[in-house]
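In this note's numbering, the protein residues as written are 3 to 182.
All C-beta atoms, glycine included, are put in the ideal place defined by N, C-alpha and C.
Let me begin by presenting the structure, written as structure tokens, before commenting on it.
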């Protein structure tokens, strides 16, 4: 006889991983934006869905980081205020650090802090490089957590971000060549 609790558990795991895959699909195109405002808004939508995935996985440090990052991404489209930047960095650490059960969870807070700095204070290639650093922090976390969708997502983010940076560098080089 088939154990119905195993079926329910398998369904729950599939649903939870499915939410992570949905976040992956939505987030995969964020780095194609060269317009920084559109990039920030796309990140916000992705982070809301990813927050749900981490809540379902019981990874509350990551969930706090994503929830705060979603709000941060939106606010950064409206202001470059240092006060707001530090408020979000402080919120990340005050909400995330106490819920960390493993040292690797702190990588999410460190990466999100660097990304927050970038979203408020950087533009163009510099912004993308700071987000790239954040992606490597999250990739390590997601591998250790065992999140399939979030791991695929960060690997894709790294690739898409590198592609976007290369495109921006080529455009800059082309513009400089035209000016010469």
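- Message: As a quick exercise: from 131, 159, 168, pick the residue whose alpha carbon is nearest that of residue 28.
- Response: Locating residue 28 in the chain shown gives position 26, where the first residue counts as 1. Closest by alpha carbon: 159.
- Using only alpha-carbon positions, find the residue among 77, 175, 20, 15 that is nearest to residue 154. Numbered from 1 along the chain shown, position 152 holds the residue referred to as residue 154. The option with the nearest alpha carbon to residue 154 is 20.
- alpha helix (DSSP H) containing residue 37: first to last residue? Taking the first residue of the chain shown as position 1, residue 37 is located at position 35. Counting along the chain, residue 37 falls outside any alpha helix (DSSP H), and DSSP gives it neither H nor E.
- alpha helix (DSSP H) runs wholly inside the region 103 to 154, at least 4 long, in chain order: Here the runs fully enclosed are 108 to 123, 126 to 147.
- Task: Between the Cα of residue 139 and those of 128, 127, 152, spot the shortest distance and give me the residue it belongs to.
- Result: Taking the chain shown and counting its residues from 1, the one referred to as residue 139 is at position 137. Answer by Cα proximity: 152.
- If you draw a straight line from the C-alpha of residue 177 to the C-alpha of residue 44, how long is it? As a first step, residue 177 is located in the chain shown; it is residue number 175 there, counting from the start. As a first step, residue 44 is located in the chain shown; it is residue number 42 there, counting from the start. Those two C-alpha atoms are separated by around 27 Å.
- From 22, 30, 41, pick the residue whose C-alpha is nearest to that of residue 127; which is it? Along the chain shown, one-based indexing puts residue 127 at 125. For the options 22, 30, 41, the alpha carbon positioned closest to that of residue 127 is the one of 41.
- Coil, strand or helix - residue 81 by DSSP: Translated into the one-based positions of the chain shown, residue 81 becomes position 79. Reduced to three states, the DSSP call for residue 81 is coil.
- Reference residue 121, options 38, 165, 15, closest by Cα: For the purposes of this step, residue 121 is identified with residue 119 of the chain shown, where counting begins at 1. Put simply, of 38, 165, 15 the residue whose alpha carbon is nearest the alpha carbon of residue 121 is 38.
- Message: Give me the residue from 130, 147, 182, 174 with the minimum Cα distance to residue 35.
- Response: Locating residue 35 in the chain shown gives position 33, counting from the first residue. Residue 35 has its Cα closest to that of 130, out of 130, 147, 182, 174.
- Item | Test item: CB-CB of residue 144 and residue 117 under 8 Å | Numbered from 1 along the chain shown, position 142 holds the residue referred to as residue 144. Numbered from 1 along the chain shown, position 115 holds the residue referred to as residue 117. No, they are not a contact pair.
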